[in-house]
Amino acid sequence: MAKVSIAAYVYGRVQGVGFRFSTLHQATGLGLTGYAKNLEDGSVEVLACGEQEKVDQLLAWLKQGGPKHAQVDRVLTEPAAPGNYTDFKIKY
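Note that full-length UniProt numbering has the sequence shown beginning at 1, numbered continuously upward.
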């Protein structure tokens, strides 16, 4: 299967609610690599690399609101350059 890399920018109440940790759990369960990182503007950047179907599943989860204490207003996505990620991490 072809591998894809997608950068997603998640806006709303997504910092301080366990969003990155929950994203790590979801992505790891799907076998994806990449990272989740808080941005200075209050959003979260998610870079997901893996099989198209699995990346789509993670994006659907993000768009549905992520963890229960988060409130996702919008998710913007764009293709990303594949990195040499061996697992999914939280970046600081």
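No residue lacks a Cβ here, since even glycine has one placed at the ideal position from N, Cα and C.
Starting from glutamate 45, trace the beta strand (DSSP E) in both directions and tell me its first and last residue.
Translated into positions along the sequence shown, residue 45 becomes position 45. Per DSSP, glutamate 45 belongs to the beta strand (DSSP E) from 44 to 51.
Thinking just about the alpha-carbon of each residue, which of Leu76, Gln71 and Cys49 is nearest to the one in tyrosine 85?
Here residue 85 corresponds to residue number 85 of the sequence shown, with the count starting at 1. Nearest C-alpha to tyrosine 85: Cys49.
Between which two residues does the alpha helix (DSSP H) harbouring leucine 76 extend?
Against the sequence shown, residue 76 aligns to sequence position 76. For leucine 76, there is no enclosing alpha helix (DSSP H); the enclosing beta strand (DSSP E) covers residues 71 to 79.
From tyrosine 92 to glutamate 78, what does the alpha carbon distance come to, in whole angstroms?
If you number the sequence shown from 1, residue 92 lands on position 92. If you number the sequence shown from 1, residue 78 lands on position 78. Rounded to the nearest whole angstrom, the C-alpha separation of tyrosine 92 and glutamate 78 is 21 Å.
Look up alanine 29 in the DSSP assignment and say whether it is helix, strand or coil.
Within the sequence shown, numbered from 1, the residue matching residue 29 stands at position 29. Contrary to the premise, residue 29 reads as glycine rather than alanine in this sequence. Shown here, glycine 29 sits in a helix according to DSSP, grouped into three states.
Could you tell me if glycine 16 is buried or exposed, where buried requires 16 or more neighbouring beta carbons within 10 angstroms of its beta carbon?
Reading the sequence shown from its first residue, position 16 is the one you call residue 16. Taking all protein chains shown into account, glycine 16 has fewer than 16 neighbouring C-beta atoms within 10 Å of its C-beta and is therefore exposed.
Note down the Cα distance separating glutamate 40 from valine 10, rounded to an integer number of angstroms.
For this step, residue 40 is matched to residue 40 along the sequence shown. For this step, residue 10 is matched to residue 10 along the sequence shown. Going from the Cα of glutamate 40 to the Cα of valine 10 covers about 12 Å.
To the nearest angstrom, how far is the alpha carbon of proline 82 from that of alanine 27?
Taking the first residue of the sequence shown as position 1, residue 82 is located at position 82. Taking the first residue of the sequence shown as position 1, residue 27 is located at position 27. Going by the C-alpha atoms only, they are around 16 Å apart.
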